Each structure stands twice: as C-alpha cells, then as structure tokens.
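Protein chains in written order, with the working numbering: chain A, 1259 to 1356; chain B, 1259 to 1356.
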C-alpha cells in the first residue's frame, strides 16, 4: 500500500474508531465527536476559546441537520485543518531556507 | 502526536514530496501530478480507462485554471477517494458481521 493509500485508510479507521461507540455505528454523535476532538485534536481544541466549540463544529459540518456526522460531513474538518497546517508548513520551510 | 494529526501531517508531506520537483515547489505541475498518481494511487489509476485521466483530473481540480494544483485544489481528490473507500469499508464491515 502506498503512503497516500495508508493515509486514506487511517482516516477511515480513525473516524470509525469513534463512530462505532453508539447509535448506528456509521456516524459521530455529539458525544463521539467530542471524544474524537479531545483525543485526536487536543491542540486545536485548546486554541478554541468558545466553550460551545463542539456544538459549533457539529452545526457547521452537519449538512443534513440530523445532529450527527457521517464520514462525508466529517471530511471538511480534516481538509480545513490540513489546509491551515499546510500554510504553516510552507512558512516554516521558507524560514528554513533563509 | 495523535493518529489524526499524523495523518494530516503525512498528507502534507506526501503532497510536497511531489510538488518540490519543479516550478515553484508549492504546486503540482501536470508532470508532478502524473508521478503522484502513478506512485501513490496506482490501483485507482489502473481502473481509469481514459488515456487522458491525468489531464481530466487536473482540469477538474484546477479551480483557478493555472494548469497546476496547490494543496487546497489537491484536497478534494483525497476527500473523494477516501469517501469512495469508506463506502467499501462499511460494506465489508457489514458482510463481516453477517
């Protein structure tokens, strides 16, 4: 398996590690999303000063308004954070070259 | 670093492994995209019967029509493939449970 294939597999496995806990096992409930954010994105969560961060993220991503996130609805969170991290990565690379 | 953080870091590192070869080092030229697809997504590439697959993917993803892909333009490819893989993953899990 290539590095990118492993990366996509990991993304799926991580999502389902939290989605399996309750409900239909295919989606993240608010409780499961909270656990995922606390365990997988602790640094991001600490930068958010709004105590309702989990609610806000759920509302933003929950396109069909069923109060849970399927994998398709979860992906924009990963994409958005990856994009922000990539901007930092490029800046650090530039600094390294100077 | 959490599993999801590692996953996002890998995504950035993989993209830049190919983007650094020519041009500005921040984007994938058609040649770099071709190499990325051949090395990282060989199984996907083999399922595509159109000989112009690389051109089609580039045209689809290249939102600002500069004939190259930045990381933001590249992400929908990863998201789309991950989503397709996740559907298979769920189907296999269901079969496993029967």
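Beta carbons: idealized from backbone N, C-alpha and C, even for Gly.
Keep in mind it's a predicted model, so treat the numbers as computed, not measured.
Quiz item: Applying a beta-carbon distance threshold of less than 7 Å, which residues of chain B neighbour residue 1269 of chain A?
Solution: 1265, 1340
Self-check item: Beta-carbon proximity check, residue 1286 of chain B vs residue 1299 of chain B, cutoff 8 Å
Solution: no
Quiz item: Leaving out the 5 sequence neighbours to the left and right, which residues in its chain are closer than 6 Å to residue 1338 of chain B when beta-carbon positions are compared?
Solution: none
Exercise. Use the C-beta contact count for residue 1277 of chain A: other C-beta atoms within 10 angstroms, 16 or more gives buried, fewer gives exposed.
Key: buried
Self-check item: Same chain, Cβ closer than 7 Å to residue 1321 of chain B, neighbours up to 5 away in sequence not counted
Solution: 1331
Quiz item: Should residue 1345 of chain B be labelled buried (16 or more other beta-carbon atoms within 10 Å of its own) or exposed?
Solution: exposed
Practice problem: For residue 1279 of chain B, decide whether its Cβ has a neighbour in chain A, counting only Cβ atoms nearer than 8 Å. | Solution: no
Quiz item: Alpha carbon to alpha carbon, what distance is there between residue 1348 of chain B and residue 1280 of chain A?
Solution: 16 Å
Practice problem: Measure how close the beta-carbons of residue 1265 of chain A and residue 1314 of chain B come, nearest whole angstrom, since I'm counting them as under 8 Å. | Solution: No, residue 1265 of chain A and residue 1314 of chain B are not in contact; Cβ-Cβ is about 23 Å, not under 8 Å.
Quiz item: Thinking C-alpha only, which one of B:1303, B:1282, B:1262 is nearest residue 1327 of chain B?
Solution: B:1282
Quiz item: What's the C-alpha gap between residue 1335 of chain B and residue 1312 of chain A?
Solution: 27 Å
Quiz prompt | chain A contact for residue 1287 of chain B (CB, 8 Å cutoff) | solution = no
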